[in-house]
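In terms of the numbering used here, the sequence shown opens at residue 6 and continues consecutively. For reference, the structure is listed below as structure tokens.
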Amino acid sequence: MTLVLVVAVILAGLGGYLARQRDATAPESATPRTGASTAAPERSTAVPSPSPSDDKPSSWCAAAPDKVTAPAPKVRLAFSTASWRSCLTRVTRSGTGKGGVRYEVDATLPVFWSANKSVDALNSRLRSRIDDDVKRFLAAVDETTNDMAQGATFTLSELPRINQVGRLAVIQFTGQQYVGGSHGGLVDDWINIDTGTWTILDKNRILLPEARRTAGATRLARLIAPKIMGTSTSCTTDAKTLLAGGQTPKSTATPMSYQETMKMGFQYGGELVVDFPPYYLFAYGCEIGSATLRLRDLSGLINPGTAALATASVAPEVPPSPFDG
């Protein structure tokens, strides 16, 4: 009887051990839990390996391959440095609007990864920008009938170009939009990002308050006007046109009004690009009016802290590599 009890105890213990081992090695469900993620190691320059179930765009970018793969990944590595990387993912849509107009959207969303978690708020803003552009485009589609469009397909395309300028990440968006008429419109936008805080620098952080007063706005217009260039040498303007509010000014225009229309982006070499949309300064055929200014000429008009970020000496740029397969 005693021997039977001993054997029973041994068998029970062995069964419990095997059950614990089975539970410890059981595979996770193929369906990820909502919000499930794997914490990335805290390293300043290395790229973490997030869980595939992590839905943060920064984790998509962290997981983007360094090499071209086939089939192409949904998130493609773009410009990278020693401390941050940028990626691209397409936003496509097509269909028919309420009035029967066919439409196509082919935009590219930039996404960033950094060890600084503030990058997630930036990615949300970049996504909202694309969403707002698409929303406005689709509203124009729905307001038009197929007869009005004469069978034409309405289109929206946007493509970002990302560069490192000192301690800034600078995005230039270019593209086209067609929502009827004899020709489409051009997409031209700049976003300047402080990579120390992952915040977007708006005009109030680029220009000093003096630039928004009459004297400062006049000086800035006189710097911009001689450098404005369109698609040909005949596409020129003058400071008077800028200060008046463009070639077809509104009655409420002030000497500072032109600043509301211009887009600004920093570029390597201590320069600031200033763009104006078609029609604002000259005919549509001249397309975008663009001027490139030297930061040292903008003393007293440009925020010195922002200029310091744009001209800071940083580690050499590290392009996506290798990209030859």
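All C-beta atoms in this analysis are idealised placements derived from N, C-alpha and C, irrespective of residue type, glycine included. Only a predicted model underlies this, so the values are computations on that prediction, with no experimental measurement involved.
Alpha carbon to alpha carbon, how far is residue 118 from residue 298? Give it in angstroms, no decimals. 30 Å
If you draw a straight line from the alpha carbon of residue 54 to that of residue 158, how long is it in whole angstroms? Only weak support is given to the placement of residue 54: the predicted model assigns it a pLDDT of 37, under 50, and the value that follows is read from those uncertain coordinates. Those two C-alpha atoms are separated by around 42 Å.
Which same chain residues, not among the five before or five after residue 128, have their C-beta less than 7 Å away from its C-beta? 62, 63, 116 and 117
Quick check: the Cα distance between residue 49 and residue 206, rounded to an integer number of angstroms? Summary for residue 49: the model assigns pLDDT 30, below 50, so the residue's position carries little reliability; its value from the coordinates is reported in the next sentence. If I take the Cα positions, the gap works out to 24 Å.
How would you call residue 231, buried or exposed, if buried means at least 16 neighbouring beta carbons within 10 angstroms? exposed
Contact check, residue 177 vs residue 165, beta carbons under 8 Å: yes
Grouping DSSP H, G and I as helix and E and B as strand, with all else coil, what is residue 84? strand
Alpha-carbon to alpha-carbon, residue 296 and residue 92: 28 Å
Given that a residue counts as buried once 16 or more other Cβ atoms are within 10 Å of its Cβ, and exposed if not, what is residue 90? buried
If you drop the 5 nearest sequence neighbours on each side, which residues of the same chain put their C-beta closer than 7 Å to that of residue 225? 216 and 306
Measuring straight from C-alpha to C-alpha, what distance separates residue 39 and residue 187? Bear in mind that the predicted position of residue 39 carries a pLDDT of just 33, short of 50, making it unreliable; the figure below should be weighed with that in mind. Answer to the nearest angstrom: the Cα atoms are 48 Å apart.
According to DSSP, simplified to helix, strand and coil, what is residue 268? strand
Length of the line joining the Cα atoms of residue 294 and residue 192: 13 Å
Taking the runs of the alpha helix (DSSP H) that are 4 residues or longer, which of them lie wholly in the stretch 126-191? 151-154
C-alpha distance - residue 302 paired with residue 278, whole-angstrom precision: 13 Å
From 314, 258, 96 and 316, pick the residue whose C-alpha is nearest to that of residue 163; which is it? 96
Three-state class that DSSP yields for residue 246 in the structure shown: helix
Continuous beta strand (DSSP E) stretch holding residue 294: start and end: 294-299
What three-state label does DSSP hand residue 71 in the structure shown? coil
Boundaries (first-last residue) of the alpha helix (DSSP H) holding residue 309: 309-316
With DSSP run on the structure shown, which of helix, strand or coil describes residue 209? helix
Whether or not the stretch 137-153 and the stretch 102-109 are in contact is what I'm after, with contact meaning three or more pairs of Cβ atoms, one per stretch, closer than 8 Å; do they touch? yes
I'd like the list of long-range same chain contacts for residue 268, defined as Cβ closer than 7 Å, with 5 residues on each side in sequence excluded. 193, 194, 195 and 280
Using a Cβ-Cβ cutoff of less than 7 Å, which residues in the same chain neighbour residue 250 once the five nearest sequence positions on both sides are dropped? 258, 262 and 263
Residue 85 burial status per 10 Å Cβ neighbour count (16 or more: buried): buried
Count the other CB atoms within 10 Å of the CB of residue 169; is the residue buried (16 or more) or exposed (fewer)? buried
With DSSP run on the structure shown, which of helix, strand or coil describes residue 203? coil
Could you name the residues of the same chain whose beta carbon sits closer than 8 Å to that of residue 44, not counting the 5 residues immediately before and after it, in chain order? Note on residue 44: pLDDT 38, under 50, position unreliable in the model; no value is reported.
By Cβ distance, which residues of its chain are closer than 6 Å to residue 229, with the 5 residues on each side in sequence left out? 279 and 296
Is the beta carbon of residue 287 less than 8 Å from the beta carbon of residue 238? no
Same chain only: Cβ atoms within 7 Å of residue 79, ignoring 5 sequence neighbours per side: 94
On the three-state DSSP scale, how would you describe residue 114? strand
Rounded to whole angstroms, what is the Cα-Cα separation between residue 246 and residue 252? 6 Å
Count the other CB atoms, across all protein chains shown, that sit within 10 Å of the CB of residue 214; report buried if there are 16 or more and exposed otherwise. exposed
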